[in-house]
Structures are given as structure tokens and as C-alpha cells.
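Numbering (our numbering), first residue to last: 1 to 321.
For reference, the structure discussed in these notes is given below.
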Amino acid sequence: DPQFVKATTLRHEEPHQDKIYYFFREDNPDKSPEAPRNISRVAQLCKEDKGGTSSLSASKWTTFLKATLICVDPVTKGNFNWLQDVFFVPAGDWRRSKVYGLFTNTWGSSAVCVYSFGDIDNVFRTSRLKGYTGPTPEVKPGQCVPSGQHTPSETFKIADSHPEVEERVEPLPPSRSPLFHNKHRYQKIAVHEVAAADGQRYNVLYLATDKGSIHKVVELPDGVQNVMEIQVFPNKDPIQSMILDHARAVLYVGSGDRVLELPMAMCGAYRNNCHSCVLARDPYCGWANGSCLPLALSREVLQNLNLDSWRGSCQRGDVKE
Numbered sequence: 001d002p003q004f005v006k007a008t009t010l011r012h013e014e015p016h017q018d019k020i021y022y023f024f025r026e027d028n029p030d031k032s033p034e035a036p037r038n039i040s041r042v043a044q045l046c047k048e049d050k051g052g053t054s055s056l057s058a059s060k061w062t063t064f065l066k067a068t069l070i071c072v073d074p075v076t077k078g079n080f081n082w083l084q085d086v087f088f089v090p091a092g093d094w095r096r097s098k099v100y101g102l103f104t105n106t107w108g109s110s111a112v113c114v115y116s117f118g119d120i121d122n123v124f125r126t127s128r129l130k131g132y133t134g135p136t137p138e139v140k141p142g143q144c145v146p147s148g149q150h151t152p153s154e155t156f157k158i159a160d161s162h163p164e165v166e167e168r169v170e171p172l173p174p175s176r177s178p179l180f181h182n183k184h185r186y187q188k189i190a191v192h193e194v195a196a197a198d199g200q201r202y203n204v205l206y207l208a209t210d211k212g213s214i215h216k217v218v219e220l221p222d223g224v225q226n227v228m229e230i231q232v233f234p235n236k237d238p239i240q241s242m243i244l245d246h247a248r249a250v251l252y253v254g255s256g257d258r259v260l261e262l263p264m265a266m267c268g269a270y271r272n273n274c275h276s277c278v279l280a281r282d283p284y285c286g287w288a289n290g291s292c293l294p295l296a297l298s299r300e301v302l303q304n305l306n307l308d309s310w311r312g313s314c315q316r317g318d319v320k321e
């Protein structure tokens, strides 16, 4: 039984090529003892696919294809096969749009793997159909056709019996591995792009744990840094929903009985201590006038996300407990 996680639509250069992408989990058809019970998937469907015109094909798609999402640590060979949540980061060129996938495994650890829609599209366009050895029809399963163009009945039959492609979708190159993984059990993910004091843009991940807290994690050139943990609900109520308001830079977090609004900056958590403020490497915050301030209030701040020695450092009088 498929368990739906999230879907999105991507506009391509030609309207008839526009696609819907579905992210979901389902039971693994491989029942061997070493195979994981569940498998994470991405599927595509052309927006203009209206099914067939005959009584046999009326309820069938020709463009629905599914592929396996891979999120494996190459060092430990740890397989994170349970897709918990996804977050979409659009780009001007649809191929460069990304999906951040949040995965867990049976031991309660989590990983974040990042995929490009260019890679996903390439897998669906070029991969063979799993288990199909016959000739390729004139209109391939998965191929978007302009409205009104005839699709042969053979395409419907093959698409219906062989909806899975052989090739699997791997995370972004060059590493093709998780962005990071740790021992926390995360349940929700949101990603916000923010400009630091030097004009560089950084992705900040908000990850909701199963104990009602949120980890704020920054993607940096040398890896990721967990800059803050926020206990949102005092009774450790599980976080059931998390929505980003990009324009206002706030996070809406919901439990079973309440919703809270949190500012993304939260620079006050660094206790107006210069070292805490700067060494946190939080792109929202910087040190100025004896305080840890959000960049929205002042762009003229001491901030050193890459720990460059030439950017300056805290002075002795800046340390306030």
C-alpha cells in the first residue's frame, strides 16, 4: 500500500511537458530477508495525461512511471529507506530545482539527501522499464505527448504492466551521498535560503524531532552545522506540521492542539555573547553594538560563517554572559 508524502508540479519549456512529481513509500516487492521492508519512491505523471479513449484504457495513464530514491551512507553502508518528508527548493531552470528528502531507518537515525529534478527527469527519460524486454513502442511509456495526439494501445499495456524504471535516483553529485545523517529521529523538514552579511546565500534547514524540538542546520562549504535546538512545545508534544513564510522569515509550527509562530532568526538565543553569536555560524545573526542582532535590523555586523581569520573576531569587552 503506497503511503503518500508530498507532490509538486514543475513547468517545463513546453506546456505539454509539464509534470507532476509524487513522493511516497510503499512495501518492497523484494521479500528476501536482507531487503528493507519499505522502499521510497518518486513518480512522474504528465499534467496533460488524461488516460485513454477506449473502455480498456480510460482509467489508465501512459505517463506514470516510478523510480526508487536512494539515500545510503557510502562509509557505513547504512540505508535510510523510510521517506518521512520532502521540501522543494525551486530554481529559475526547472532542472536545477531541488528536493530535500528526509529519511529515517529502523534504528531511529535520520539522513537528509538532496536530489535535482534534472537527475530525476533523466532517470525517467533514459532508463529501461524494470522487467520489460520487448520492443520499444512508437510512444514510450512516460513520454508526454501534445493534447490530441494519439497514443497507441500498446503503450497503455506496457505502462500498466511495467510502471517501474530500472535505474534508481541518487543524491546530487559529486558525492551521491547524504548531505548529513545523525542519531536524531526527525519527522519534518523545511528549507529557507538566506543572504548573509557578505552577500553569500546559504540554505538553512529546519528539522522537527519526535520530541517537539526543532534543529536549525546551516549548509556551509565545509559541511553542515547544527546551530541551534529550539524546544517548541514544553511537554515535548510531537510537531505535526511546519510551514515556512519566506517573505516574513517566520516558521509556523503545529502540534495536536496549537500553532506557534517562530522567527527564523532567534538571535537572542546566543545570550548577547559575541563568541556564541559569531561561532554559531548562523547566517541570520551577527554581532554589533554589544548585541547579537538579526541582519534584518543591521547589515553592519561582525559575522564569520567560514571562520576566516581576516574577517575579525570578538574583542575582550564583547563577552557578556
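We put the beta carbon where it would ideally sit given N, CA and C, even for glycine.
For P174, name the three-state secondary structure that DSSP assigns. coil
How many angstroms separate the CA atom of Y206 from the CA atom of E193? Looking at the two C-alpha atoms, the distance is approximately 11 Å.
CA-CA distance, K77 and R316? C-alpha separation (whole angstroms): 46 Å.
Taking the continuous beta strand (DSSP E) assigned at A43, which residues delimit it? N38 to C46 is the span of the beta strand (DSSP E), which, as asked, contains A43.
Which two residues bound the contiguous beta strand (DSSP E) that contains I70? Where I70 is concerned, there is no enclosing beta strand (DSSP E), given that its DSSP letter is neither H nor E.
Go ahead and pull the three-state DSSP assignment for T160. Position check: residue 160 holds Asp in this sequence, whereas Thr was assumed. Of the three classes helix, strand and coil, the one that applies to D160 here is helix, per DSSP.
How far does the beta strand (DSSP E) with V114 in it reach, from first residue to last? S110 to S116
For E261 and V253, I'd like the C-alpha separation in whole angstroms. 6 Å
Look up Q187 in the DSSP assignment and say whether it is helix, strand or coil. strand
Please name the residue, chosen from N203, R37, I158 and F87, that lies closest to G223 on a Cα-to-Cα basis. Of all alpha-carbon atoms in N203, R37, I158 and F87, the one lying nearest the alpha-carbon of G223 is that of N203.
Measure the alpha-carbon distance for E321 versus W287 and round it to whole angstroms. Any reading at E321 needs caution, since the residue's pLDDT is 45, under 50, leaving its predicted position unreliable; the model's value is listed next. Going from the Cα of E321 to the Cα of W287 covers about 14 Å.
What does the alpha-carbon distance come out to for the pair H215 and N182? 12 Å
In chain order, what residues of the same chain lie with their CB nearer than 6 Å to the CB of A368, ignoring the 5 residues before and after it? Outside the shown range of the chain, which is 1 to 321, sits residue 368, and nothing can be said about it.
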